[in-house]
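J.:
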Amino acid sequence: MLASRPRLFNIPASAPFLRTLIDALLNDRLGLGFPASNDPLELARATLYLPTRRACRLARDVFLDAMTGNAAILPRIVPLGDIDEDEIAFAEAATAELAAEALALPPTIPALERRLLLAELILKWANSPEVRGAQGSPLVANTPSAALGLADDLARLMDDMTTRQVAWDRLDTLVPTDLDNYWQLSLKFLKIAREYWPALRAERGAIEAAERRDKLIAAEAKRLEGSEAPVIAAGSTGSMPATAALLATISKLPHGAVVLPGLDLHLDEASWQLIAGNEADKTHDGAPAVGHAQFAMQALLKRIGVAREEVEVLAPPAPFGREALVSEAMRPASTTEHWQVSRGQSGFDATVDGALASVCMIEAAHAEEEALAIAVCMREALEDKTKTVALVTPDRALARRVVAALERWQVAVDDSGGDALGDTQAGRFARLAAEAALGGCAPVTLLALLKHPLLRLGGEAGAHDSAIAILERALLRGPRPNPGTGALGHALKSFRASRDKLHPSDPRKTIVDRECDAAADLIARLAGALSPLEELRPGDHALAKLAGLHRETIAKLSADGAGVSVAFGGHNGNALAGALEDIADDSPCAKGLAVARNDYPEIFQASIGDRVVRRPETRDVRAHIYGPLEARLQQVDRIVLGGLNEGTWPGETRSDPWLSRPMRRELGLDPPERRIGLSAHDFAQALGAPEVVLTRAAKLAGAPTVTSRFVQRIAALAGKDRWQRVVARGNTYLDYARALDHPAEVKPAQRPAPTPPVDARPQKLSVTAIEDWL
3 MLASRPRLFN IPASAPFLRT LIDALLNDRL GLGFPASNDP LELARATLYL PTRRACRLAR
63 DVFLDAMTGN AAILPRIVPL GDIDEDEIAF AEAATAELAA EALALPPTIP ALERRLLLAE
123 LILKWANSPE VRGAQGSPLV ANTPSAALGL ADDLARLMDD MTTRQVAWDR LDTLVPTDLD
183 NYWQLSLKFL KIAREYWPAL RAERGAIEAA ERRDKLIAAE AKRLEGSEAP VIAAGSTGSM
243 PATAALLATI SKLPHGAVVL PGLDLHLDEA SWQLIAGNEA DKTHDGAPAV GHAQFAMQAL
303 LKRIGVAREE VEVLAPPAPF GREALVSEAM RPASTTEHWQ VSRGQSGFDA TVDGALASVC
363 MIEAAHAEEE ALAIAVCMRE ALEDKTKTVA LVTPDRALAR RVVAALERWQ VAVDDSGGDA
423 LGDTQAGRFA RLAAEAALGG CAPVTLLALL KHPLLRLGGE AGAHDSAIAI LERALLRGPR
483 PNPGTGALGH ALKSFRASRD KLHPSDPRKT IVDRECDAAA DLIARLAGAL SPLEELRPGD
543 HALAKLAGLH RETIAKLSAD GAGVSVAFGG HNGNALAGAL EDIADDSPCA KGLAVARNDY
603 PEIFQASIGD RVVRRPETRD VRAHIYGPLE ARLQQVDRIV LGGLNEGTWP GETRSDPWLS
663 RPMRRELGLD PPERRIGLSA HDFAQALGAP EVVLTRAAKL AGAPTVTSRF VQRIAALAGK
723 DRWQRVVARG NTYLDYARAL DHPAEVKPAQ RPAPTPPVDA RPQKLSVTAI EDWL
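Take the sequence shown: its position 478, counting from 1, is numbered 480 in this note's numbering, and each next residue is one higher.
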């Protein structure tokens, strides 16, 4: 049974979201008639949906604080989805007659197997006579790694069409003759894929993961329609159609409520309507503002049938609230002429001054300086024992630099952003092992492997350091040895035989037999460890076989004196072991996909590219590092928004290699700029913290950068003089950072004045000896 009037609420960005939400729930400001008593079991009747698992854990802590020590069973708290809502997990998704329907859902094809199957299909298509160019070279994917990359893009397109509920039959409405030849070929392939892929899924009795997720959401929405228990969904913008339908259902339940995060109540109505676009509007371009921070919520309100003024505000903005400033700065691009009108209104200057009073901008020269300035800023906040501080950035390289900079003060940090498996210590070691074994032990790769912290070769950490140094001096700093560990052993024997003939000034002449023996033992151990891959015959092999040999090689390289493979230890090592197991053991497709021996390192790197390893949560610390996803609904006293450059925040818009922009628009799919809108919402929410520090680097890897469009908009609206004061406050942290490693007194080096004792001074000099020495 549904209520006649939807129940929607809003919490401003400057109000603590979870604290406000739980306070409103406990005091029945949501109008649910709940809780109706002080019974400890009363709260257990409710269900609370939140966007992320981290938000669910945080909500439990806030509940415990709000209960002031009283015993109670907490509500059922369920994670609703991720930032782009790609994955939704529901506990008890259906009951009664819906249980059979939910439990009867077919399984999904594992993600890795799906990628490999699609890559195999793409390779066959790319090498077909129709696609091959006039010179006989493939136009699209000529290597398995390239096909795997295209498979990822194809999988995203398939998920996008499922999520946006676009039927594959819509491809027939596209006119091939209106398209470039490349897009005509792409369209032909997609028509093949829509026939091949469903048939393969039917053969395996599986469905798409996105389809299964949507069916579970629909089952949950249907179950809730008959529920009399309180249901609250909070913090979600409903950017996915299935989730928007669930939120619409919850908002209309007799005991349901939807709480929105940071709904813009300041933007004028005409501009608000322009966010959705209006083709009949001749004054503006009429296109939807998909990059606007409120795009998803505007569409959600329209779907539910509620106007902005009907949404009830649960808490007033904080005194430092920046909602009005952010609303005006982020308005649709086609209406930015209103900035001049806003500047002329009474109270504008006071509003902007108050909003920017606790904001500063750090414009560092390079990434290292930016990280050090952020570390100083975070350390300063921690001097107040009651404050919490967090860095929010999508740039994981910047996050790692900040963690390293904070180590000089032994500051404990909870870094939950997560790293790609290939960028972790275990992932890099695995890549080096494959490249060294299959690439002929190239000196640079070989030394990187031998000096890696996870290398053991049957000893403890550092046991082979001296032997590695001897091997480097003797063989790897001169002419490159022939490929393979066998050639290394032969080169060492040749060196020992010719060592006495070396010039007296050659530093290799000082290497003694004992050191050569240590180097020979190292080469023998290395040859034994690399043998599973190194001795593999040239040609094509099953991917599963290569992954199994790779796993064996890593185990031997990292085995310590007790035989324990340290590369597979810890959370990074466990993730690596799981990835190799998925390829080697669990994927039937990997057993049939043939890969050239020398292509395997690149294939392996591509196959683990989508795996993110998150660090274990560190409790009871006041300094945090979040990615934009993890930062949702978090509340800290000082927030640092790092990496505010175009291409980082917001990230680069990726074009779809399978469908052009006009083709996507014709099909009803979102343009690539849709991700900018999600980034804009994250940025706007983060600006609600009491103290905000914005940071960027003028150069990255030596190349100039462009300030994030979000920062540019705020700076343009604030005006030059006011923004210079914001930058001046940030320069204070730059001065501190530059002073950290600056000596108090700089003393110039003295001119060399050697004064050896008289008896050590030479009595005569041989001209030929001097020439030899030179």
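C-beta: ideal position from N, C-alpha, C; glycine also.
Consult DSSP for Thr-251 and reduce its assignment to one of helix, strand or coil.
T.: Stepping through the sequence shown from its first residue, residue 251 is reached at position 249. DSSP places Thr-251 in helix when its eight states are reduced to three.
J.: Sort Arg-698, Ala-231, Arg-613, Arg-116 by Cα distance to Trp-651 and report the nearest one.
T.: Counted from its first residue, the sequence shown places residue 651 at position 649. Answer by Cα proximity: Arg-698.
J.: Does DSSP classify Gly-794 as helix, strand or coil?
T.: Absent from the structure is residue 794, since the part of the chain shown begins at 3 and ends at 776.
J.: Contact between the stretch 59-70 and the stretch 10-22: three or more CB pairs below 8 Å?
T.: Touching, yes, given that three or more Cβ pairs across the two stretches are closer than 8 Å.
J.: Measure from the alpha carbon of Ser-253 to the alpha carbon of each residue in Arg-666, Arg-9, Cys-518, then state which is nearest.
T.: Here residue 253 corresponds to residue number 251 of the sequence shown, with the count starting at 1. Considering only alpha carbons, the answer is Arg-9.
J.: Look up Ile-364 in the DSSP assignment and say whether it is helix, strand or coil.
T.: Residue 364 sits at position 362 when you count from the first residue of the sequence shown. In the structure shown, Ile-364 sits in a strand (DSSP, three-state: E or B).
J.: Please state whether DSSP places Thr-110 in a helix, a strand or coil.
T.: Counted from its first residue, the sequence shown places residue 110 at position 108. Thr-110: strand per DSSP, three-state reduction.
J.: Could you name the residues of the same chain whose beta carbon sits closer than 8 Å to that of Ser-188, not counting the 5 residues immediately before and after it, in chain order?
T.: On the sequence shown, position 186 is the one that residue 188 refers to. Answer for Ser-188: Pro-659, Trp-660, Leu-661, listed in chain order.
J.: In angstroms with no decimal places, state the Cα-to-Cα distance between Ser-241 and Gly-488.
T.: Stepping through the sequence shown from its first residue, residue 241 is reached at position 239. Stepping through the sequence shown from its first residue, residue 488 is reached at position 486. Cα to Cα, Ser-241 sits roughly 58 Å from Gly-488.
J.: Between Ile-376 and Val-642, which are expected to be in contact by the criterion C-beta below 8 Å, what is the C-beta distance as a whole number of angstroms?
T.: As a working mapping, residue 376 is identified with position 374 in the sequence shown. As a working mapping, residue 642 is identified with position 640 in the sequence shown. Going by Cβ atoms, the distance from Ile-376 to Val-642 rounds to 5 Å, so yes, they are a contact pair.
J.: Return the bridge partner residues of Glu-693 from the DSSP annotation.
T.: Translated into the one-based positions of the sequence shown, residue 693 becomes position 691. Beta-bridge pairing links Glu-693 to Arg-640.
J.: Report yes or no: do three or more beta-carbon pairs, one from the stretch 607-619 and one from the stretch 397-415, lie closer than 8 Å?
T.: No: the two stretches stay apart, fewer than three of their Cβ pairs being nearer than 8 Å.
J.: For Asp-774, is the classification buried or exposed, using 16 other Cβ atoms within 10 angstroms of its Cβ as the cut-off for buried?
T.: Along the sequence shown, one-based indexing puts residue 774 at 772. Legend: pLDDT at Asp-774 = 47, less than 50; position of this residue unreliable, value from coordinates given subsequently. By the 10 Å Cβ count, Asp-774 comes out exposed.
J.: May I ask you to report which of helix, strand or coil DSSP gives Phe-191?
T.: Walking along the sequence shown from the start, residue 191 turns up at place 189. Note: Phe-191 maps to helix in three-state DSSP.
J.: Run through DSSP, which three-state label would Ile-470 get?
T.: In the sequence shown, counting from the first residue as 1, residue 470 sits at position 468. Note: Ile-470 maps to helix in three-state DSSP.
J.: For Arg-333, does the three-state DSSP call read helix, strand or coil?
T.: Against the sequence shown, residue 333 aligns to sequence position 331. It is coil, neither helix nor strand.
J.: Return the chain-ordered list of same chain residues with a C-beta closer than 6 Å to the C-beta of Ala-407, the five sequence neighbours on each side being excluded.
T.: Within the sequence shown, the letter at position 405 stands for residue 407. Taken in chain order, the residues that qualify are Ala-373, Leu-374, Ala-377.
J.: My output table needs one value for Pro-614: the three-state DSSP class, helix, strand or coil.
T.: Against the sequence shown, residue 614 aligns to sequence position 612. Residue identity differs from the one stated: residue 614 is Val in this sequence, not Pro. Strand.
J.: I believe Ile-219 touches Leu-248 by the beta-carbon criterion, under 8 Å. Please report the beta-carbon distance rounded to the nearest angstrom.
T.: Translated into the one-based positions of the sequence shown, residue 219 becomes position 217. Translated into the one-based positions of the sequence shown, residue 248 becomes position 246. Their Cβ separation, rounded to whole angstroms, is 5 Å, which keeps Ile-219 and Leu-248 in contact under 8 Å.
J.: With a CB to CB cut of under 7 Å and the five nearest residues on each side skipped, what residues in its chain are close to Ala-91?
T.: As a first step, residue 91 is located in the sequence shown; it is residue number 89 there, counting from the start. In this predicted model, Ala-91 has a pLDDT of only 34, less than 50, meaning its place in the structure is not dependable; the value taken from the coordinates is given anyway. Hits under 7 Å: Pro-81.
J.: Determine whether the beta carbon atoms of Thr-707 and Ile-678 lie at a separation below 9 Å.
T.: For the purposes of this step, residue 707 is taken as residue 705 along the sequence shown, with counting starting at 1. For the purposes of this step, residue 678 is taken as residue 676 along the sequence shown, with counting starting at 1. No, the pair does not count as a contact, with Cβ atoms beyond the cut-off.
J.: Using CA coordinates, which residue listed in Arg-214, Pro-42, Lys-511 is at the minimum distance from Asn-72?
T.: As a position in the sequence shown, residue 72 is number 70, starting the count at 1. If we check each option's Cα against that of Asn-72, Pro-42 comes out closest.
J.: Which of the three DSSP states, helix, strand or coil, is assigned to Thr-650?
T.: Numbered from 1 along the sequence shown, position 648 holds the residue referred to as residue 650. DSSP places Thr-650 in strand when its eight states are reduced to three.
J.: Check Leu-719 in the structure and name its three-state DSSP category.
T.: As a position in the sequence shown, residue 719 is number 717, starting the count at 1. DSSP places Leu-719 in helix when its eight states are reduced to three.
J.: Let me confirm a value: Asn-40 is counted as buried when at least 16 other C-beta atoms fall within 10 Å, else exposed. Which label applies?
T.: On the sequence shown, residue 40 is found 38 positions in, with the first residue counted as 1. Counting Cβ neighbours within 10 Å, Asn-40 comes out exposed, since fewer than 16 surround it.
J.: Using a Cβ-Cβ cut-off of 7 Å (strictly less than) and excluding sequence neighbours within five positions of Leu-561, which residues of its own chain qualify?
T.: Taking the first residue of the sequence shown as position 1, residue 561 is located at position 559. One point to set straight first is that residue 561 is Ala, not Leu, in the sequence displayed. If we look at Ala-561 and ignore the five residues flanking it on each side, its Cβ neighbours are Arg-458, Gly-460, Ser-567.
J.: Going along the chain, which residues of its own chain have a beta-carbon closer than 7 Å to the beta-carbon of Ala-95, five neighbours each way excluded?
T.: The count along the sequence shown starts at 1 and reaches residue 95 at position 93. Note that Ala-95 has pLDDT 35, beneath the 50 cutoff, so the model's placement of it is unreliable and the number below is only indicative. Hits under 7 Å: Ala-104, Leu-218, Ala-221, Glu-222.
J.: Hey, Asn-574 and Thr-426 are a contact pair by Cβ (cut 8 Å); roughly how many whole angstroms apart?
T.: Position 572 of the sequence shown, counting from 1, holds the residue named residue 574. Position 424 of the sequence shown, counting from 1, holds the residue named residue 426. That pair is a contact at about 4 Å.
J.: Under 9 Å between the Cβ atoms of Ser-681 and Pro-445?
T.: Sequence index remark: in the sequence shown, residue 681 carries index 679 (1-based). Sequence index remark: in the sequence shown, residue 445 carries index 443 (1-based). No; because the gap between Cβ atoms is not below 9 Å, this pair is not in contact.
J.: Roughly how many whole angstroms lie between the Cα atoms of Leu-316 and Asn-12?
T.: Position 314 of the sequence shown, counted from the start, is the residue given in the question as residue 316. Position 10 of the sequence shown, counted from the start, is the residue given in the question as residue 12. Leu-316 and Asn-12: Cα-Cα distance of roughly 6 Å.
J.: Should Ile-111 be counted as a contact of the ligand SAM given a C-beta to heavy atom distance under 8 Å?
T.: Among the ligands in the structure shown, none appear at all, so the ligand SAM cannot be discussed.
J.: Grouping DSSP H, G and I as helix and E and B as strand, with all else coil, what is Ile-13?
T.: By one-based count along the sequence shown, residue 13 stands at place 11. Ile-13: strand per DSSP, three-state reduction.
J.: So, with DSSP's three-state summary, where would you put Ala-231?
T.: The residue you call residue 231 lines up with position 229 of the sequence shown. It is coil, neither helix nor strand.
J.: By the DSSP assignment, the alpha helix (DSSP H) with Val-261 in it spans what residues?
T.: The sequence position of residue 261 within the sequence shown is 259, counting from 1. Note, Val-261: premise wrong, no alpha helix (DSSP H); beta strand (DSSP E) at 258-263.
J.: Within 10 angstroms of the Cβ of Trp-411, are there 16 or more other Cβ atoms? Answer buried if so, exposed if not.
T.: As a first step, residue 411 must be located in the sequence shown, where it is residue number 409. By the 10 Å Cβ count, Trp-411 comes out exposed.
J.: So what does DSSP say about Ile-75, is it helix, strand or coil?
T.: For the purposes of this step, residue 75 is taken as the residue at position 73 of the sequence shown. Coil at Ile-75, not helix or strand.
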